[in-house]
Amino acid sequence: MSLATRSLPRTLGAHAVLLTYTVIALFPVILVIVNSFKSRAGIFGAPLTPPTPKTFDLVGYATVFGQGDFLHYFQNSLVVTVASLFFVLLFGAMAGFALSEYRFRGNTMMGLYLALGIMIPIRLGTVAILQLMVASGLVNTLTALILVYTAQGLPLAIFILSEFMKQVSDDLKNAGRIDGLSEYTIFFRLVLPLVRPSMATVAVFTMIPIWNDLWFPLILAPSEETKTVTLGAQLFLGQFVTNWNAILAALSLAILPVLILYVIFSRQLIRGITSGAVK
Amino acid sequence: MAAQTRPKKPIRWHIGVFLAPAVLVYTAIMILPLFGTLQLSLFRNIEQSQVFVGFSNFRTLFGDPNWSVNFWNALRNNVWFFIIHMLVQNPIGILLAALLSSPRLRFAAFYRTAIFVPTILSFVIVGFAWKLILSPIWGVAPHLLDFVGLKSFFTPWLGKEQYALTALSLVSVWQFVGIPMMLIYAALLSIPDEVIEAAECDGVTGMAQFWKIKLPLILPSIGIISILTFVGNFNAFDLIYTAQGALAGPNYSTDILGTFLYRAFFGFQLQVGDPNMGAAIATIMFLIILAGVCVYLFLVQTRLRRYQF
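Given below as C-alpha cells:
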C-alpha cells in the first residue's frame with residue numbers, strides 16, 4: 004500500500020465516523036441496562052449517569068422474577084431453538100450433500116425448488132399453517148414452532164451447506180468408497196466433520212431469527228405453557244407500561260443472554276459472513 | 003463424479019434418503035401452506051363451509067371502502083418504510099463498510115462487532131427500548147438534544163401522526179444497518195490487491211478510487227442488499243406491533259402490510275377475524291414480493307457485470 008491511503012487526517016476521520024456510529028449503536032442498549040439497576044427516582048432524575056450507591060436498586064428485577072414466569076419462557080425458547088437448529092442442520096446437511104454430491108435427474112430443479120424459500124418468507128403461508136396445526140392438534144405445542152422454524156431455516160442452510168460440500172475433496176470420498184464404506188458412512192464420518200465450520204455459521208444464522216421471532220409464537224403457541232421468551236417479554240412489557248423499573252429489568256434480562264452468546268460467537272458469525280457464505 | 007466412477011446401480015436409494023426429510027418438512031410446512039393460502043383467498047366461509055367465490059375477496063379488498071382505505075394506507079406506508087431503508091440504511095451501511103475496509107485500520111474488529119449488536123436483538127427489545135428513549139416522560143431524547151442545542155426540535159415523534167412512521171423506519175434502520183455493512187464489507191475485502199495497486203499506479207486514490215474502482219465492483223452486492231431489504235420490509239410486522247400495537251397508531255399512521263394482515267386475520271377489538279381476507283392480503287403481499295424478486299433476478303442481476311478474479 005502506498006502512503007497516500009494512510010494519511011493521518013484520513014485515518015482520524017475514519018475513526019471519528021466509526022466511533023460515532025458505534026456510540027449510536029450501543030447507546031440505547033447500554034442506557035437500558037444501566038438504568039435497570041436504579042431506583043425510580045434515579046431513572047428519571049439522572050438517566051444518563053451510572054447507578055450510584057444512592058440510586059442503586061434492584062426492585063425492577065424483583066418484580067420481574069416475582070411476576071412473570073421468565074425461567075419457564077426461557078426454557079421454552081431454548082427447547083424450540085435447539086431442536087429446530089438440530090433438525091435444520093441435520094436435514095440441511097443431508098439434502099445439501101445429496102445435491103452437491105450426486106448427479107441425478109432433476110438435481111437442478113430440486114436445488115431451485117429448495118432455494119425458493121430463501122426469497123419467499125414463510126409468514127405469507129401463516130393462514131394455512133394455522134389451519135394445518137389446528138387440524139393436526141398441534142396448536143399451543145412447541146412441536147408446531149419447531150416444525151415451522153425447521154422449514155423456515157432449511158432453504159438457506161441447504162444453499163450454504165451444499166456450496167461448502169462441493170469443496171470437500173472427491174479423492175477422499177472415492178478413497179472411502181474403495182474401502183467399502185457406504186454412502187451414509189461417507190456422509191456422517193468423512194464429510195460432516197470437514198464442513199463443521201460452515202455448520203457453525205449456518206447455526207448462528209438460523210438461531211438469531213428463531214430466538215427473536217414474535218409472529219409464530221403469537222399465532223401458533225400463545226398459551227402460558229408454551230410462551231417463548233420473546234412473546235413473554237412482549238406481553239409482560241405491555242402489562243407493566245407504567246412500571247419503568249420492571250420494564251427496564253425485563254429488557255435487560257432479554258438482552259443479556261443474546262449479548263453474551265453474541266460476544267462468544269461473534270468471531271464465528273463475522274467470519275461466516277465475510278468468507279462469502281451469503282454472497 | 004460418483005455416478006461415473008462406479009458401476010451403474012438401478013436405483014440409488016441413498017439419494018432419496020438424504021433428500022427426503024428436508025424435502026418433506028419444507029414441502030409440508032412451507033410450500034403447501036403457501037399455496038393453501040393463495041387458494042384460501044379465493045374462498046369464503048358461508049354457513050360454516052368454504053365456498054369458492056373467485057376474486058370476490060379481492061374485489062372487497064380493493065372496492066369496499068372499509069378495506070380499501072386501510073389497504074392503500076398500509077401499502078403507502080410500507081413503500082415509505084422501504085424508501086427510508088434504501089435512502090438511509092444502505093448508504094450508511096456502505097459508508098461504514100468502506101471505512102472499515104480501509105487498510106490496516108485499528109480496532110476494525112471492535113467496530114464491526116459493536117455496530118452489529120442491534121441486529122442480533124429482538125424487535126421486542128428494540129421497539130420498547132426506543133419507545134422509552136423517545137418518550138417525553140423519561141426525557142432522555144430532549145436531554146440529549148439539549149447537549150447540541152436542539153432541544154426545541156424535540157416532539158414526541160412516536161405519538162405524532164406525521165412523524166411516527168418515519169421515526170419507526172429510522173429505528174428499524176438503526177437495528178439493521180449491520181447487515182448491508184457486513185455484506186458490503188465482505189465484497190470490499192474480496193477485491194484483490196492487484197486491482198487497487200493498479201489504480202494507485204494510475205494515480206486513482208481516496209474518494210476517486212472508491213467511486214471509480216470499488217463501487218462498480220461491489221454493485222452486485224448492493225443489488226443483493228436491496229432485494230433483501232425489499233423482502234424484509236414488505237414482510238415486516240414485529241417492530242410496529244411491539245412499538246405501536248396491532249392498531250399501528252396513532253390513527254393507523256404506522257400501519258404496514260404485516261400489521262394489516264394480522265388485524266384482518268385475527269380480528270382486533272370490534273373487527274372479527276377473517277382467515278379468507280387474511281389470505282387475500284397475504285396473496286397480495288406474495289405478489290408484491292414475487293414481483294420484486296423477479297425484477298431483481300431478471301432485470302437487475304442479469305445486467306450487472308460480474309468480475310471474476
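In the order they appear, the protein sequences are chains A and B. Residue 4 is where the first sequence starts when you use the numbering used here, and the numbers rise one by one after that. Residue 3 is where the second sequence starts when you use the numbering used here, and the numbers rise one by one after that. The beta carbon of each residue, even a glycine, is placed where N, CA and C say it ideally should be.
For residue 5 of chain A, count neighbouring C-beta atoms within 10 Å of its own C-beta (all shown protein chains included) and say buried if the count is 16 or more, exposed if not.
For residue 5 of chain A, the predicted structure reports a pLDDT of 43, less than 50, and the residue's modelled location is therefore unreliable. A value from the coordinates is still provided. It is exposed - the Cβ of residue 5 of chain A has fewer than 16 other Cβ atoms within 10 Å.
Could you check where the alpha helix (DSSP H) with residue 226 of chain A kicks off and where it finishes?
From DSSP, residue 226 of chain A is part of no alpha helix (DSSP H); its letter is neither H nor E.
If you draw a straight line from the alpha carbon of residue 294 of chain B to that of residue 229 of chain B, how long is it in whole angstroms?
Answer to the nearest angstrom: the Cα atoms are 7 angstroms apart.
Mind checking if residue 173 of chain B is an interface residue toward chain A, Cβ cutoff 7 angstroms exclusive?
no
On the DSSP bridge list, what partners appear for residue 141 of chain B?
Residue 141 of chain B is not bridged to any residue.
Suppose only complete runs of 4+ residues qualify. What are the alpha helix (DSSP H) ranges in the region 264-309 of chain B, listed by chain order?
277-296
Which complete alpha helix (DSSP H) runs does the region 125-213 of chain B hold, if anything under 4 residues is left out?
You should have 125-136, 142-149, 163-178, 180-191, 195-203, 208-211.
Determine contact between the region 116-134 of chain A and the region 267-281 of chain B, defined as no fewer than three beta-carbon pairs at a distance below 8 angstroms.
Counting C-beta pairs closer than 8 angstroms gives three or more between the region 116-134 of chain A and the region 267-281 of chain B, which meets the contact rule.
Check whether the region 233-242 of chain B and the region 82-89 of chain B touch, using three or more Cβ-Cβ pairs below 8 angstroms as the test.
yes
If you follow the alpha helix (DSSP H) that residue 106 of chain B is part of, which residue opens it and which one closes it?
Where residue 106 of chain B is concerned, there is no enclosing alpha helix (DSSP H), given that its DSSP letter is neither H nor E.
For residue 173 of chain B, is the classification buried or exposed, using 16 other Cβ atoms within 10 angstroms of its Cβ as the cut-off for buried?
buried
How many angstroms separate the CA atom of residue 85 of chain A from the CA atom of residue 204 of chain A?
In a straight line, the C-alpha of residue 85 of chain A is about 15 angstroms away from that of residue 204 of chain A.
Within the continuous beta strand (DSSP E) that includes residue 52 of chain B, where are the two ends?
51-54
If I'm right that residue 258 of chain A touches residue 127 of chain B with Cβ under 8 angstroms, what's the distance once you round it to whole angstroms?
6 angstroms
Give me the chain B residues within the contact set of residue 186 of chain A, using Cβ-Cβ distance strictly less than 7 angstroms, ordered along the chain.
Correct list: 16.
Determine which residues of the region 111-125 of chain B have a Cβ less than 7 angstroms from any Cβ of chain A, and write them out in chain order.
113, 114, 115, 116, 117, 119, 120, 122, 123, 124, 125
Output, in chain order, the set of chain C residues within a Cβ distance shorter than 7 angstroms of residue 237 of chain A.
The structure shown has no chain C; the protein chains it does contain are A and B.
Using DSSP with H/G/I as helix, E/B as strand and the rest coil, what is residue 143 of chain A?
coil
For chain B, is any of its Cβ atoms less than 7 angstroms away from the one on residue 210 of chain A?
no
When DSSP labels each residue in this structure, what does residue 41 of chain A get in the three-state scheme?
Note: residue 41 of chain A maps to strand in three-state DSSP.
Measure the CB-CB distance between residue 249 of chain A and residue 67 of chain A and report whether it falls below 7 angstroms.
Contact flag set, yes.
If we cut at 7 angstroms on Cβ distances, does residue 182 of chain B have a partner in chain A?
no
Thinking C-beta only, is residue 198 of chain A closer than 7 angstroms to residue 239 of chain A?
no
Would you tell me roughly how many angstroms separate the C-alpha atoms of residue 40 of chain B and residue 38 of chain A, rounded to the nearest one?
47 angstroms
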